[in-house]
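S.K.: Note that the protein sequences, when read in sequence, are chains A and B. According to our numbering, the first sequence is numbered sequentially starting from 28. According to our numbering, the second sequence is numbered sequentially starting from 28. Have a look at this one before I ask anything.
2 protein chains.
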Amino acid sequence: MTVTSPRTDLPTDARVVNLGLPLFADAVAAQGASVLHVDWRPPADGDPAAVRALTDLYGLRSADIEAANAEVLRRLDEGVPCLVDVRTAADVVPGMGERMLLHPGPPIAWTDVCDPLKRSMRAAVVAEGWAADVAAADALLSSGEVTLGSANEHATVVPMATALGPSAPVYVVENAAGGTRAFAPIGQGPGDVAWFGRDSDAAIERLVFLREVAGPRLARIVAQLGPIDVFAIAAQGVQMGDDVHMRTQASTNLLIRNILPAVAALGDDPQTVAFCEYLSTNHLFFLTLAMAAAKSLTLWAEQVEGASIVTTMSRNGTTYGVKLAGLDRWFVTDSPPVADALFYAGYGPEDAAPDIGDSAVLELVGLGGPAAAGSPAVAAFLGGSMADAARATDEMVQICGAESSRFKLPTMDFRGTPLGVDVRRVVETGITPKVNTGILHASDGTGQIGAGVATAPVAGFREALMALRES
Amino acid sequence: MTVTSPRTDLPTDARVVNLGLPLFADAVAAQGASVLHVDWRPPADGDPAAVRALTDLYGLRSADIEAANAEVLRRLDEGVPCLVDVRTAADVVPGMGERMLLHPGPPIAWTDVCDPLKRSMRAAVVAEGWAADVAAADALLSSGEVTLGSANEHATVVPMATALGPSAPVYVVENAAGGTRAFAPIGQGPGDVAWFGRDSDAAIERLVFLREVAGPRLARIVAQLGPIDVFAIAAQGVQMGDDVHMRTQASTNLLIRNILPAVAALGDDPQTVAFCEYLSTNHLFFLTLAMAAAKSLTLWAEQVEGASIVTTMSRNGTTYGVKLAGLDRWFVTDSPPVADALFYAGYGPEDAAPDIGDSAVLELVGLGGPAAAGSPAVAAFLGGSMADAARATDEMVQICGAESSRFKLPTMDFRGTPLGVDVRRVVETGITPKVNTGILHASDGTGQIGAGVATAPVAGFREALMALRES
Numbered sequence: 028m029t030v031t032s033p034r035t036d037l038p039t040d041a042r043v044v045n046l047g048l049p050l051f052a053d054a055v056a057a058q059g060a061s062v063l064h065v066d067w068r069p070p071a072d073g074d075p076a077a078v079r080a081l082t083d084l085y086g087l088r089s090a091d092i093e094a095a096n097a098e099v100l101r102r103l104d105e106g107v108p109c110l111v112d113v114r115t116a117a118d119v120v121p122g123m124g125e126r127m128l129l130h131p132g133p134p135i136a137w138t139d140v141c142d143p144l145k146r147s148m149r150a151a152v153v154a155e156g157w158a159a160d161v162a163a164a165d166a167l168l169s170s171g172e173v174t175l176g177s178a179n180e181h182a183t184v185v186p187m188a189t190a191l192g193p194s195a196p197v198y199v200v201e202n203a204a205g206g207t208r209a210f211a212p213i214g215q216g217p218g219d220v221a222w223f224g225r226d227s228d229a230a231i232e233r234l235v236f237l238r239e240v241a242g243p244r245l246a247r248i249v250a251q252l253g254p255i256d257v258f259a260i261a262a263q264g265v266q267m268g269d270d271v272h273m274r275t276q277a278s279t280n281l282l283i284r285n286i287l288p289a290v291a292a293l294g295d296d297p298q299t300v301a302f303c304e305y306l307s308t309n310h311l312f313f314l315t316l317a318m319a320a321a322k323s324l325t326l327w328a329e330q331v332e333g334a335s336i337v338t339t340m341s342r343n344g345t346t347y348g349v350k351l352a353g354l355d356r357w358f359v360t361d362s363p364p365v366a367d368a369l370f371y372a373g374y375g376p377e378d379a380a381p382d383i384g385d386s387a388v389l390e391l392v393g394l395g396g397p398a399a400a401g402s403p404a405v406a407a408f409l410g411g412s413m414a415d416a417a418r419a420t421d422e423m424v425q426i427c428g429a430e431s432s433r434f435k436l437p438t439m440d441f442r443g444t445p446l447g448v449d450v451r452r453v454v455e456t457g458i459t460p461k462v463n464t465g466i467l468h469a470s471d472g473t474g475q476i477g478a479g480v481a482t483a484p485v486a487g488f489r490e491a492l493m494a495l496r497e498s
Numbered sequence: 028m029t030v031t032s033p034r035t036d037l038p039t040d041a042r043v044v045n046l047g048l049p050l051f052a053d054a055v056a057a058q059g060a061s062v063l064h065v066d067w068r069p070p071a072d073g074d075p076a077a078v079r080a081l082t083d084l085y086g087l088r089s090a091d092i093e094a095a096n097a098e099v100l101r102r103l104d105e106g107v108p109c110l111v112d113v114r115t116a117a118d119v120v121p122g123m124g125e126r127m128l129l130h131p132g133p134p135i136a137w138t139d140v141c142d143p144l145k146r147s148m149r150a151a152v153v154a155e156g157w158a159a160d161v162a163a164a165d166a167l168l169s170s171g172e173v174t175l176g177s178a179n180e181h182a183t184v185v186p187m188a189t190a191l192g193p194s195a196p197v198y199v200v201e202n203a204a205g206g207t208r209a210f211a212p213i214g215q216g217p218g219d220v221a222w223f224g225r226d227s228d229a230a231i232e233r234l235v236f237l238r239e240v241a242g243p244r245l246a247r248i249v250a251q252l253g254p255i256d257v258f259a260i261a262a263q264g265v266q267m268g269d270d271v272h273m274r275t276q277a278s279t280n281l282l283i284r285n286i287l288p289a290v291a292a293l294g295d296d297p298q299t300v301a302f303c304e305y306l307s308t309n310h311l312f313f314l315t316l317a318m319a320a321a322k323s324l325t326l327w328a329e330q331v332e333g334a335s336i337v338t339t340m341s342r343n344g345t346t347y348g349v350k351l352a353g354l355d356r357w358f359v360t361d362s363p364p365v366a367d368a369l370f371y372a373g374y375g376p377e378d379a380a381p382d383i384g385d386s387a388v389l390e391l392v393g394l395g396g397p398a399a400a401g402s403p404a405v406a407a408f409l410g411g412s413m414a415d416a417a418r419a420t421d422e423m424v425q426i427c428g429a430e431s432s433r434f435k436l437p438t439m440d441f442r443g444t445p446l447g448v449d450v451r452r453v454v455e456t457g458i459t460p461k462v463n464t465g466i467l468h469a470s471d472g473t474g475q476i477g478a479g480v481a482t483a484p485v486a487g488f489r490e491a492l493m494a495l496r497e498s
């Protein structure tokens, strides 16, 4: 090492690095000097208990956690979820009761259910034939004679305000390496539909259509074609501008292209033509299939003990629940509003129901927000430029433990999407996953009134961190 | 203005700008000094006649040319080509004779036709029923009893080594604003096919399949759905990673998605299922449709007199032809080799036929090379990184007169693709359009043996420039 004499003259070109509060940096810059401002904050916002937990989990216990995380990340990255069947929920979903509705998010009692999900449940009750109309359905639900179950506790994920009854058809997605199976309903499509919080006649008819028309035909198609590698399609979709959450157009079309000969073999009866019209106009058709695929991986991942990777994030419109691998516990906070939102004309934040749905399971496997950087459609929504979309991915990079080896971002030199949300990083940085999502009307049954970005509350992640420390 | 005294000391941090030959720049850099090297070359490679023509066409005649170009560029940018019908070539293609084959590129005599195109012609003759087998077809073609016509002279464009007979089905694409109609064959798909220079039984059967099975079904679909806006689909395709020349996967799938209900209505007979299998496995299905759409615009554009915009670039495997708007003349040079190529195992440049096909019409309307920057698939082919693809687009920017208002590149902040090749800029810079294309075997009928980038020879453009000056 060479020690140089200290300079005795004053520096003429001082270059300043400023950490933390920007006041000093601003003052230096005002004098025309060069300054690099580092937006440093104390970890965990300076909360002493959280800092102690982080010190522990990054310190002494780090080796164990890293080993557990490596296995969790491997499972999320390497599992190959395949669509193997389309079946009636009652036949395949574990623990599905005869008079049960599965809903998104953590468990919830009828009295606490938000308005759009109540409407969706009423529509499902009528479609199941348990009540003649929505008024009777409401009475039945109020009486407690319909059991409400958290879909996630039944190896199932449902989007937005979906209520899933036992007669509804579901995708059966199998992750053979892990021996896990997950389920999700067939997407209801756009418009006047129950998953948007509608309980109209049309919304009920759509549920019947899925059961009577779409489900049996999809079952025949899958039976004819054999297992369909869901994430092989999603990986191509990411190359074609899908984040595979908000935007699934390319993946949907790739799937349609693949199944086309089997669709032709269905016949040319009016119901088949109606099924094709439904497919042709439903650009989010792939969404629920991708969700079931993701869930089949998180089910495998959560069998690993002592990891700090999040394996469930889901919202029921009232509460937001988080789970960690190896800890079979919900960490629940209030469901957040959907901020940074675009509303349809005549609607605003005061009309909006809180964030709802299980689709954030996609953000845990490298899709959705992590894949935003490659999606022009998502960019248009996040601010307009691809740089806006890249920022969404960059945020996820800061809180994720790995990069996907199958979902590659062309706009980032084919770097893998960030994969595996590490609760330590979330609490340390205060950055929680953002979820691009639709917005439903809070009370009047209008259905979708806009779309925006929901930011998960940090409290649930903090609670999970503390529980991990104590485990 | 403040005049400062000249410094009397020698500069300690000389920064050098070097124009032209790099020798001086290299010497400065070798001494550790900062140097900016500008890769300047004399325009038109210093050719005096070309420089005089450029001086004239950029100078005194500039206003007239710019006005004509503006109209040409408007037509290329704003025309809305719609698929309105699928018909037998004999019924719709102007000047299609009873015993005529249309071929790519400039007009050519049988004796000068390259081997893969000869094979394709023989296959077409057998498919037309003019000969019982390829030997008889060869004799018939050698006898001169089959008229050979340049597809471009019949408002038609054909890809690679396609030979189009009168019974073949063609897309009818109408540009209503311009009153122009253009035609292209239905794509033959991958594998053992005549457009790759094959004259096998399977290649002939594919031509019969297109005529008997695919053509009538596509005609019913178009009749049911009405006009289909081809470039509205292509514009979405560009957002999804298509250059809509080498890669048309997204556009193909969007089209399939759109026509799905009409496909279902065709029935479930084995031929319809076979048609769906053909659609499902033909990722370049959209290519010829896009070519016909582009041709309907160049037909409109070429009605403008005195412009310097190229309206035809096409190759027959022997010669490469260029046309300018308003000049109904071919400027012909030898067809170039396909350089920067990837060959299938066991093949190399010595096996390759020269560049062939009419598909470069796409490069004239903002697709293909101009759209490379947005295409991960094309990038993989041009060197692997998105920067490689961006360079291909940047090159086209240097020789094009406008930016497309419909084809937008997400990777370039939604900038329009370069549109309208200006022959002045081509000759001035020496940059000619590059065309990504397949490579066919030169002699043994193997079919496709690789793919690469063909660079147009500058000579034809120079000839066109001189003719424009004299016009």
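We put the beta carbon where it would ideally sit given N, CA and C, even for glycine.
Using the beta-carbon of each residue, which ones in chain A are nearer than 7 Å to residue 273 of chain B?
M.R.: The premise fails here: residue 273 of chain B is roughly 14 Å from chain A at the closest Cβ pair, so nothing lies under 7 Å.
S.K.: Can you name the start and end residues of the alpha helix (DSSP H) that residue 169 of chain B belongs to?
M.R.: Taken as a continuous stretch (DSSP letters only), the alpha helix (DSSP H) holding residue 169 of chain B covers 161–169.
S.K.: For the structure I just gave you, are there three or more beta carbon pairs, one from the region 337–350 of chain A and one from the region 479–496 of chain A, closer than 8 Å?
M.R.: Contact between the region 337–350 of chain A and the region 479–496 of chain A is present, because at least three Cβ pairs lie under 8 Å.
S.K.: How would you write the range of the beta strand (DSSP E) that residue 126 of chain A sits in, first residue to last?
M.R.: Note, residue 126 of chain A: premise wrong, no beta strand (DSSP E); not H, not E.
S.K.: From what residue to what residue does the beta strand (DSSP E) around residue 366 of chain B run?
M.R.: Looking at the DSSP string, the run of the beta strand (DSSP E) that includes residue 366 of chain B is 365–370.
S.K.: Would you kindly report the start and end of the unbroken beta strand (DSSP E) that includes residue 347 of chain B?
M.R.: 346–351 is the extent of the beta strand (DSSP E) around residue 347 of chain B.
S.K.: By a C-beta neighbour count over all protein chains shown, 10 Å radius and 16 as the cutoff for buried, is residue 90 of chain B buried or exposed?
M.R.: Label assigned to residue 90 of chain B: exposed.
S.K.: Would you say residue 151 of chain B and residue 167 of chain B are within 8 Å of each other, going by their C-beta atoms?
M.R.: No, Cβ-Cβ distance for residue 151 of chain B and residue 167 of chain B is not below 8 Å.
S.K.: Does any CB atom of chain A fall closer than 8 Å to the CB of residue 165 of chain B?
M.R.: No, residue 165 of chain B lies away from the interface with chain A (no Cβ there is under 8 Å from its Cβ).
S.K.: Kindly provide the ranges of any alpha helix (DSSP H) runs that are 4 or more residues long and lie completely inside the region 441–490 of chain B, ordered along the chain.
M.R.: The region 441–490 of chain B contains these whole alpha helix (DSSP H) runs: 450–456.
S.K.: Please give the ranges of any beta strand (DSSP E) in the region 58–99 of chain A, keeping only runs that are unbroken, at least 3 residues long and fully inside the region.
M.R.: The region 58–99 of chain A contains these whole beta strand (DSSP E) runs: 61–65.
S.K.: Just how far apart, CA to CA, sit residue 491 of chain B and residue 467 of chain B?
M.R.: Going by the C-alpha atoms only, they are around 29 Å apart.
S.K.: Could you check the C-alpha separation between residue 213 of chain A and residue 248 of chain A for me, to the nearest Å?
M.R.: Approximately 14 Å between the Cα atoms of the pair.
S.K.: At least one CB of chain A closer than 8 Å to the CB of residue 410 of chain B: is that the case?
M.R.: It does not: the Cβ of residue 410 of chain B has no partner Cβ on chain A nearer than 8 Å.
S.K.: Round the Cβ separation of residue 124 of chain A and residue 174 of chain A to the nearest angstrom and send it over; I've been treating them as touching at under 8 Å.
M.R.: Correct: roughly 5 Å between the Cβ atoms.
S.K.: Please list, in chain order, the chain A residues whose beta carbon lies closer than 8 Å to that of residue 280 of chain B.
M.R.: Within 8 Å Cβ-Cβ: 277, 280, 281, 283, 284.
S.K.: Alpha carbons only, please: which of B:241, B:383, B:401 is nearest the one belonging to residue 222 of chain B?
M.R.: The shortest C-alpha separation from residue 222 of chain B is found at B:383.
S.K.: Can you tell me whether residue 202 of chain B is helix, strand or coil according to DSSP?
M.R.: Strand at residue 202 of chain B.
S.K.: Name, please, each residue of chain A whose Cβ falls closer than 9 Å to the Cβ of residue 304 of chain B.
M.R.: Result: 287, 288, 291.
S.K.: How do the region 205–219 of chain A and the region 307–317 of chain A stand: do at least 3 beta-carbon pairs fall below 8 Å, yes or no?
M.R.: Touching, yes, given that three or more Cβ pairs across the two stretches are closer than 8 Å.
S.K.: Have a look at residue 432 of chain B and residue 443 of chain B and give me their C-alpha separation to the nearest angstrom.
M.R.: Looking at the two C-alpha atoms, the distance is approximately 6 Å.
S.K.: For residue 215 of chain A, would you say it is in contact with chain B, using Cβ-to-Cβ distances shorter than 8 Å as the test?
M.R.: It does not: the Cβ of residue 215 of chain A has no partner Cβ on chain B nearer than 8 Å.
S.K.: Are the CB atoms of residue 417 of chain B and residue 400 of chain B nearer to each other than 8 Å?
M.R.: Yes.
S.K.: Alpha helix (DSSP H) containing residue 290 of chain A: first to last residue?
M.R.: Residue 290 of chain A -> alpha helix (DSSP H) spans 276–291.
S.K.: Quick one: which residues of the region 52–84 of chain A get their C-beta closer than 7 Å to a C-beta of chain B? List them in chain order.
M.R.: Here the close residues number zero.
S.K.: With a 10 Å radius around its C-beta and 16 neighbouring C-beta atoms as the bar for buried, classify residue 437 of chain B as buried or exposed.
M.R.: Residue 437 of chain B comes out buried.
S.K.: Could you pull the start and end residues of the beta strand (DSSP E) that residue 342 of chain B belongs to?
M.R.: Unbroken beta strand (DSSP E) run through residue 342 of chain B: 337–343.
S.K.: Give me the Cβ distance between residue 333 of chain A and residue 92 of chain A, rounded to the nearest whole Å; I'm assuming they're in contact under 8 Å.
M.R.: That belief holds up - the Cβ atoms of residue 333 of chain A and residue 92 of chain A are roughly 6 Å apart, short of 8 Å.
S.K.: Could you say which of B:229, B:154, B:275 lies nearest to residue 463 of chain B if we only look at CA atoms?
M.R.: Of the candidates B:229, B:154, B:275, the one whose C-alpha sits nearest the C-alpha of residue 463 of chain B is B:275.
S.K.: Short of 8 Å Cβ to Cβ, which residues in the region 426–440 of chain A face chain B?
M.R.: Taking 8 Å as the Cβ-Cβ cut-off against chain B, the residues of the region 426–440 of chain A that qualify are 437, 438, 440.
S.K.: Does the region 185–200 of chain A come within contact of the region 291–299 of chain A, defined as at least 3 CB pairs closer than 8 Å?
M.R.: These segments do not touch.
S.K.: With DSSP collapsed to three states, give me the class of residue 437 of chain B.
M.R.: Residue 437 of chain B falls in the helix class under three-state DSSP.
S.K.: Which one of B:282, B:280, B:279, B:304 has the shortest CA to CA distance from residue 290 of chain A?
M.R.: Considering only alpha carbons, the answer is B:304.
S.K.: Counting only beta-carbon separations shorter than 8 Å, does residue 484 of chain A have a partner in chain B?
M.R.: No, residue 484 of chain A lies away from the interface with chain B (no Cβ there is under 8 Å from its Cβ).
S.K.: Compute the beta-carbon to beta-carbon distance between residue 340 of chain A and residue 445 of chain A, rounded to the nearest angstrom, for a pair I have assumed lies under 8 Å.
M.R.: Actually they do not touch by this definition, with Cβ atoms about 14 Å apart.
S.K.: Which residues does DSSP pair with residue 207 of chain A in a beta bridge?
M.R.: DSSP lists A:202 as partners of residue 207 of chain A.
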